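In what follows, a single structure is set out as structure tokens and then discussed.
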Amino acid sequence: MDPSVIEQDEQWARWQRKHRQAAPDEPLELDPFVEEVFHQRKPASSNRALDLACGRGRHALALAKLGWSVEAWDFSSEGLARLKQRAAEQDLEIKCRLVDLRQADLSAFWAQFHFVVQVNYLNRDLLASAHKLLLPEGLFLFQGFNEDWPEERPGPRFRLRAGELESGLPGLRTLKILERDGRSFFLGQRSDA
166 MDPSVIEQDE QWARWQRKHR QAAPDEPLEL DPFVEEVFHQ RKPASSNRAL DLACGRGRHA
226 LALAKLGWSV EAWDFSSEGL ARLKQRAAEQ DLEIKCRLVD LRQADLSAFW AQFHFVVQVN
286 YLNRDLLASA HKLLLPEGLF LFQGFNEDWP EERPGPRFRL RAGELESGLP GLRTLKILER
346 DGRSFFLGQR SDA
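Here the sequence shown is numbered in my numbering, starting from 166 and rising by one per residue.
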């Protein structure tokens, strides 16, 4: 990807600032549901996980600590730099990729991951094709904001409608759906049936 294309984008600039201004020692707390799922899914040594729109990488770091072989993708070089720094400080190996998920062709990565995590980033096209990134029986975990979220950001375009995940996601067998506190959670398993 050509980083110069991303750099002209206002949304990109806002995320760059946010990641640059974050405190270096900010806590990396996980939502209790996400943490529970992570701890229930112990990996084999070769199992690969992908953190989509990873930001500063709290989920990538948590997965690496649990023994997953982790890739982390984001369009913010600032966020990825913070993740690399934290991973090095904790002696964790995480492969970081600069990827603009709004327009990337991900077909080269289809059927490569045992576990894909997408938290606080809503891209409905990506949600509809996330199952393609998974190996057979692979798991997909999504957490996003919904219309009950009390804060101004993210805006309405980046919020799910109440019950929007109830009908499931393409290519995934629904394992669990949860809505609480203005957030929606989905856990599914790749189903090729």
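C-beta atoms are modelled at their ideal positions from N, C-alpha and C, and glycine is treated no differently.
As the structure is a prediction and not an experimental result, all values here were calculated from the model.
When C-alpha distances from Lys297 are compared across Arg179, Leu215, Val199, the shortest belongs to Leu215. Approximately 6 Å separates the beta-carbon atoms of Arg326 and Glu312; this is inside 8 Å, confirming the contact. The secondary-structure analysis by DSSP pairs Arg182 with nothing; it has no beta-bridge partner. Taken atom to atom, the span from the alpha-carbon of Pro321 to that of Phe310 is near 9 Å. By the neighbour-count criterion, in which 16 or more other beta carbons inside 10 Å mark a residue as buried, Ser332 falls on the exposed side. Assignment of Arg267 by DSSP, reduced to helix, strand and coil, places it in the coil class. For the pair Pro301 and Pro208, the Cα-to-Cα distance works out to about 15 Å.
Leu334 sits away from Leu266, with the two beta carbons spaced by 8 Å or more. Gln268 sits away from Phe307, with the two beta carbons spaced by 8 Å or more. Taken in chain order, the whole alpha helix (DSSP H) runs of length 4 or more contained in the region 196 to 237 are 197 to 205, 223 to 230. The three-state secondary structure of Gln277, taken from DSSP, is coil. Boundaries for Leu291: no beta strand (DSSP E) harbours it, while the alpha helix (DSSP H) harbouring it runs 289 to 294, taken from the DSSP string. The straight-line gap separating the alpha-carbon atoms of Asn288 and Glu254 is approximately 31 Å.
Taking the Cα of Leu231 as reference, the smallest distance to any Cα among Glu329, Phe280, Ser349 is reached at Phe280. If you draw a straight line from the Cα of His204 to the Cα of Gln186, it comes to about 31 Å.
Following the DSSP letters along the chain, one finds Gln354 inside the beta strand (DSSP E) bounded by residues 348 to 355.
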